[in-house]
Every structure is written in structure tokens, then in C-alpha cells.
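Protein chains: 2
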Amino acid sequence: MTDEQAENDQDKPDFAAAWADIGSSHKSINMAITETLRAAILSGKFKTGERLTEVGLAKAFDVSRNPVREALRVLEVEGLVEINPRKGARVALLTVDEVQEIIELRAELEGMSAKYAARRCSDEVRVNLQHLLNEGNRADATNDVAVLAELNNTFHNQIAVAGKNRFLVGFMKALNEKTQWIFANRPEPNMAGNWKEHAAILEAVIAADDELASVLAKRHVEDIGKEIARATEEQER
Amino acid sequence: MTDEQAENDQDKPDFAAAWADIGSSHKSINMAITETLRAAILSGKFKTGERLTEVGLAKAFDVSRNPVREALRVLEVEGLVEINPRKGARVALLTVDEVQEIIELRAELEGMSAKYAARRCSDEVRVNLQHLLNEGNRADATNDVAVLAELNNTFHNQIAVAGKNRFLVGFMKALNEKTQWIFANRPEPNMAGNWKEHAAILEAVIAADDELASVLAKRHVEDIGKEIARATEEQER
DNA sequence: TACTGCAATATTGTATACAATGGACAGTTT
DNA sequence: AAACTGTCCATTGTATACAATATTGCAGTA
């Protein structure tokens, strides 16, 4: 989900553009709308709390209200949208406390994931992780920010998958998305120096050092939490 | 939506009965259907893998297909239903591996929850937990199975809530539901002696012994896992 | 000014209608 | 017999229509 999400839009998100690619695809409209809406929310194109009327979205997508309704119901379960019966839908709000709770839980789960990954990853997966480590180190050395951003994202998913627990993977995906969302609604985060921590975790996993991997991964997320706290304070001022 | 619609049809699982209560309520039909369907699946009234056609359900509920569709979309996100575009919906399947993963994760999260609860619960919550403990002990002593079953359920929720992390509460609710679902699709589980373990966990939480609470809670779920494994083997024979 | 009542409007909730797809089955061809 | 093909039927996907509810604006009153 990377390619041509070009920022060629004015103030309102240009759904028609993202729309064209889908026409001939085989997924149904409601799924496409769900994905587009989810991405729009997570990237901050819709502000938190902003009202989402069915007719408004339907017109923006040039579809009927039905697929929009289904998408909104799905996003509600995911926690990105808040629906009040007979009143309508809004982009969900995250309180400061909730942000803390997200980070707290994510730290625990990331640690758990790294622990499992270190214990369980097959030789094949180990090779893949080593490859990811090399790529990241190279990008870090040459300061290739675009590649690094991409690798940072894949890193978390790879660790989760290597842990071999599908439900843990799902939960972490949800929490990762929320973290992304938090950052999208705050002043630019400082993601530099992030890879160093990722590299250390990868090395521990590859070395099958579950205890170290777990501690490093947990601390890594806690660092992210501190970064968010810093950015939040800055925003308050 | 008058209340007299109750005695219409009774060929399908008796939704009409559950339906009557809802009429005057203020939640929308799609939500009511979601809840009813969820309960039906979790309690095993629909077998895993069973096909769920929109018209079939719509007729059973005596509504149009729209609310049913929305409910199915929601239940898909929750993992209880599996939807294939243009083919339809089925009650989801759980492989043996997935059952193991659910238990594994639930054990970790229950441990985490108990740890947090022991650390964080206020005096007021502590009193509530003590009350729950007393009630349970009494029901256990008098072998009041109905009450015990009820208390067993509330126990897990109370611990989770006392942990003061909303997202952890949500994840555990999902995993608890899945556990319930697993049992519903297997020969009768042996829930006796269950309270003893709950009581020990409660005592540790009340005593603010986070480490002990965590270990006991984790082990408790692992015991449930063993019970499931036993029941599964029995079923295979 | 502040407030109540009420009509007008906006929006959601649900039903119905139609289009498109997938699967089963019979008949044909090789 | 096996593979192919076209047709019918069941079902899903989407649009439109209508009903129910919430919100807004404003006149009128104290």
C-alpha cells in the first residue's frame, strides 16, 4: 500500500484519483472505501473529531450511501470512527490517557513478539531478518530517509510475523496503526536514530537471545512513547 | 415495529423471541442484529463453517438485507465471520493451531492484566474484588453452579478493568469470547474447580502482589488450554 | 435578553429494486 | 467418457426510495 498515493490534492482529499485504480479490480467497492477511508484517517487527512456524513462521503466517492455505511461500521470496530446511533459518525478522538495506554500495551506486546520471534524463527526467516538488517544499516549509513521510513514499517511487521501468533500480529497491527495516527496528528516526529534501536533488536532476535530481544523491543516502544509525550507538550505550548 | 411481531415464524433459530425485547429499544436494528448474531455464533447455535446467506438471515430476523450486511461486516472484523467477496459469508473456522495461539496470547495478556490490576486498583476497586471473592467462595462452598458460572465470567472482566488499560480490556474481551466459542464447539468442559484458581488470583491482586497475581493468572489460562486440548482429543476419538 | 415552541431542513435508518457475479446442470462436441 | 459451453438460478453488490429521527433557525413571549 505504497505506490501512487500522491499528494496532488488541494484541501479536500481527492478520492476520485485514488478511485480510478480500483474500478477494474476485484474487491468490492465497500472494501475499497474502507481502505481509502482508513488511510485517510490514519494519515491525518481527516482531523480527529471531524464529522463524517454518509452523503458527504458518498458524493466524494461518487457512490451510494450503502458502501459508505458498511465502511464506517468496519472502521468503528477498528476504533478509528465513532458512531452515535441516529446522530452520525465522527473520526474518533484519542484522549491523552488513551495514547499512554496504547503505548504501554504496545510496548508489552512488542516485547512479547520479539521474545517469541527470537525463540521461534526458522533459519529461513532468520536469513530474511539478516537481510532486512543489512538493508537498514546500509540505508542508515547513507542517510536514505525514504528507504528507512519504509524499512522501519516493515521491521515491526516482520518481527510480529516471526513470532508466529496470528492474533498477536493482528493486535500489534492495530496498535501500530494507532501509533501512526497519533504521530499524524502531532508536530513532525523525530524518527532519526530510530534504526539503531531496530538494528539492536534484530541482532538479538537473529542471535535467538529472547530475553534481550524482549527488553530492547519493549524499551524501544517506550522511547517512542517519550517522543510522543515530548511532541504533545510542544503542541500544547 | 410493534411488539406483536413475536409470534410470526419459528422454523429457524428463534430470533423472533430475542427480537421482541428490542422493538422499543433505542439502538438501531443493525446493532441489535450484530449482537444477536454474535451471541448465536459464540454459543454454538451456528456451527463453525456454516454458511450465512443474507436473505436467509434477513428472513429469519424479518428485516431487509441491509442491516444484516452491516452486521456481517462487523462480525468479520471481530473474526467470527469470514466473508469472500461475491461468494458470501460463513461462520469462521478456527484451526487447532489458532486455538493454541489464542490460549497462548490470552495467557500472556491475562497475566499482564493481573499484574496491572495488582499494582493499580484503588481501594474502592479492591473492596469490590473482595466482595467478588466472598461471593465466589460462598457459591463454591454451596456448589451453586449457576452463580459460579456467572461469577467466573465477571471475574475476568473485573481483573481486566482493574488493570486500567482500555485497549487491553478490549483485546481480552475478544480473546475471552473466542475461548467461550471454542468451548461451545466441543464436548462439555469441566469448569469445576475453576473458582479455586480465580480465588487465588483475586487474593494476590487484593494483596497488591503483582508478581504472584501475574504468574497465577497466566497459569490459569494455560490450564484452560490444557482442558481444551483434552476435550479436543476426546472429540477426535 | 433569554427562552420556549415549532416548522424547516439535514441526516440517518431501513426497505426495495435492479445489476452483476458465481455455481450447477444439461446438452453438445471431440 | 471427458471437456466445453451456454443457460438458469441463487446470491451478492450497489443504487434509489421512503420513513424516522435529530438539528437548526426563527418567531413569539415573558
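Sequence lines, in order, name chains D and L. Just so we're aligned, residue 1 is where the first sequence starts under the numbering used here, counting upward by one. Just so we're aligned, residue 1 is where the second sequence starts under the numbering used here, counting upward by one. Ideal Cβ placement from N, Cα and C applies to all residues, glycine included. Please read all numbers here as calculations on a predicted model, not as lab measurements.
Discussion item. Under DSSP, the alpha helix (DSSP H) around residue 227/D begins and ends at which residues?
Written reply: 210 to 236
Worksheet entry | Chain-ordered chain L contacts of residue 185/D [CB-CB under 9 Å] | Per Cβ cutoff of 9 Å: no residues; residue 185/D is ~18 Å from chain L at best.
Worksheet entry | Residue(s) in a DSSP beta bridge with residue 89/D | 52/D and 83/D
Worksheet entry | Environment of residue 27/L [buried if 16+ CB atoms lie within 10 Å] | It is exposed - the Cβ of residue 27/L has fewer than 16 other Cβ atoms within 10 Å.
Practice prompt. Could you work out which residues of chain D lie near residue 112/L, taking near to mean beta carbons separated by less than 8 Å?
Written response: 108, listed in chain order.
Fill in: Residues of its chain near residue 70/L, where Cβ-Cβ distance is below 7 Å and the 5 sequence neighbours each way are ignored
30
Discussion item. With the cut-off set at 9 Å, would you say residue 73/D and residue 38/L are in Cβ contact?
Written reply: no
Worksheet entry | Reduced DSSP secondary structure (H/G/I, E/B, other) of residue 34/L | helix
Discussion item. Tell me the residue span of the alpha helix (DSSP H) that contains residue 70/D.
Written reply: 65 to 77
Worksheet item: Looking at the structure shown, is residue 59/D part of a helix, part of a strand, or coil, going by DSSP?
Response: helix
Item to complete: Tell me whether residue 46/L sits in a helix, a strand or coil according to DSSP, three-state version.
Response: In this structure, residue 46/L counts as coil in the three-state DSSP scheme.
Discussion item. Is it buried or exposed, residue 218/D, if we count other Cβ atoms within 10 angstroms and call 16 or more buried?
Written reply: buried
Worksheet item: What residue from 106/L, 223/L, 133/L and 82/L has the CA that sits closest to residue 174/L's CA?
Response: When each option's Cα is compared against that of residue 174/L, the closest is 106/L.
Discussion item. Does the CB of residue 28/D have a neighbour CB from chain L at under 9 Å?
Written reply: yes
Discussion item. Ignoring anything shorter than 3 residues, give me the beta strand (DSSP E) runs that lie fully in the segment 133 to 176 of chain D, in order along the chain.
Written reply: none
Item to complete: Would you list, in chain order, the members of the segment 148 to 178 of chain D that have their beta-carbon closer than 9 Å to a beta-carbon of chain L?
Response: 164, 165, 166, 167, 168, 170, 171, 174, 175 and 178
Practice prompt. Note down the Cα distance separating residue 133/D from residue 150/D, rounded to an integer number of angstroms.
Written response: 13 Å
Worksheet item: How many angstroms separate the CA atom of residue 68/L from the CA atom of residue 176/L?
Response: If you draw a straight line from the Cα of residue 68/L to the Cα of residue 176/L, it is about 25 Å long.
Discussion item. Please list the terminal residues of the continuous alpha helix (DSSP H) segment that includes residue 194/D.
Written reply: 194 to 206
Worksheet item: Are any of the Cβ atoms in chain L nearer than 9 Å to that of residue 102/D?
Response: Chain L, which has a Cβ nearer than 9 Å to the Cβ of residue 102/D, makes this yes.
Worksheet item: In chain L, which residues lie less than 7 Å from residue 73/D when you measure between Cβ atoms?
Response: 70, 73 and 74
Worksheet item: Straight-line CA distance for residue 56/D to residue 178/D?
Response: 25 Å
Discussion item. Can you give me the C-alpha to C-alpha distance between residue 138/D and residue 221/D, rounded to a whole angstrom?
Written reply: 23 Å
Worksheet entry | Beta-carbon neighbours of residue 194/L, restricted to chain D and to distances below 7 Å | Within 7 Å Cβ-Cβ: nothing; residue 194/L doesn't reach chain D, min ~23 Å.
Practice prompt. State the start and end residues of the unbroken alpha helix (DSSP H) segment that holds residue 115/L.
Written response: 96 to 120
Item to complete: Kindly confirm or deny that the segment 41 to 60 of chain D and the segment 180 to 187 of chain D touch, where touching means at least three C-beta pairs closer than 8 Å.
Response: yes
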